[in-house]
Every structure is written in C-alpha cells, then in structure tokens.
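Working notes, beginning with the structure itself.
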Amino acid sequence: MLLFLQRAAACIPIFLFLFTELRAEEGFYWNLAEALQNPSKVRVLGLAHQPLTSLPKEIRQLQTLEWLNLGYSELTSLPKEIGQLQNLQELNLWANQLASLPMEIGQLQNLQTLDLGDNQLTSIPKKIGQLQNLQRLNLGGNQLSSLPMEIGQLKNLQILDLGDNRLTSLPKEIGQLQNLQELNLGVTN
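Read in the working numbering, the sequence shown has 59 at position 31, and its numbers run on one by one without any break.
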C-alpha cells in the first residue's frame, strides 16, 4: 500500500503540469504575467484573491478576453484601458476597494455581467448607460447615494442589485427597464 501511495504522489506534479498546460491551451489563465505573454490566446483570466491594487495598461492587449475575475483582489483603481476589452462578457470586481470607475467602462459593448458589489463606490459614470448587452449588474454593498438617469438605458438588464447602499431615491428612468426581473434594494443606510 505504501508503494502505491508513493507512486501516486509522484504522479501528482505531472498531472498538475499537464492540467495547467491544457487549461492554457484552452485559453484559461490564472496568472497575469503569463496571460500578457500570450494575449491572443486568453479567453478567461482568473485573478481572484490576488493582492493587486491596480492593473497594468497592458491589459488592453487581451483582445480575446471574454471573462475576467478580479474579485477579492484589493484593487483601488482600474485603468481606462479596461474599456478596450471589446470581447469581454463578464467582469467580476466583487469585494475590492474601488471608489470610482473610469468612464471607459461604457465601451464594453459585449458585457453581460458586471459585478461591482462590496466596493467603496460613491458614484457610477453616466457612460454605464452604453452597456446595451448588460443583463446583470451588482452594485450592492457600496456607498452610492444616487444613480445616473442613464441607468434606464440598460434595455437588456434583468437583474439589478442595489442593496446596502446610501440610496434614498431612485431615478424615474429605472421604470424604463422593461426586461428587469429582479431588483434588490435590501438594507440601505
């Protein structure tokens, strides 16, 4: 039995290497430096739980990127180059320390999910209204006291989480969200 366990343990590093190589070939990356070395191959970039306070401007090179997870990464800012990720469909910025967003966020025309929950946002850029394919928007757990009226331009929005903010009113344009199925206003301060 001991011999079997020793042989099995010896195979684990080989398996992990092959698994990592396979994932990289499929466009899955978990390391920013590696992703930037192969920018045309990157479809998925998972950087959650990494101590990043900012992203390099070179992020714009990831033109095939569809899914970017930066949750729990200590980000305090986003570069304006984030708006150049034209194929991005899902952007997870959950539980960072973002106080503002670049207006270029509105250039992400293919974005379907934007998770900004549990940050320190005090405002949302008006350009958010340009995200015509956005279906899910999480703004819960921030410091928002108002929303731009342009939020009413998100015609495909189905889920909007505004819980745990400082909102005392909503713009009347929220009524234009005809596809909205779920609105969370939860605990507000």
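All residues carry an ideal CB built from backbone N, CA and C; glycine is no exception. Computed from a predicted structure; not experimentally measured.
Residues that residue i bridges to, as DSSP identifies them
i      : result
Leu96  : Leu73 and Leu119
Leu211 : Leu188
Rounded C-alpha distance that separates residue i from residue j
i      : j      : result
Gln224 : Leu136 : It is not possible to answer for residue 224, since the shown part of the chain is limited to 29 through 217.
Gly157 : Leu103 : 23 Å
Leu167 : Thr150 : 10 Å
Leu106 : Gln148 : 13 Å
Asp146 : Leu195 : 15 Å
Gln186 : Thr141 : 10 Å
Lys85  : Leu64  : 11 Å
Gly214 : Asn66  : 42 Å
Asn120 : Asp143 : 5 Å
Endpoints, the alpha helix (DSSP H) within which residue i is located
i     : result
Leu60 : Leu60 to Gln65
field: In chain order, each beta strand (DSSP E) run of at least 3 residues that lies wholly inside the stretch 113-189
entry: 118-120, 141-143, 164-166 and 187-189
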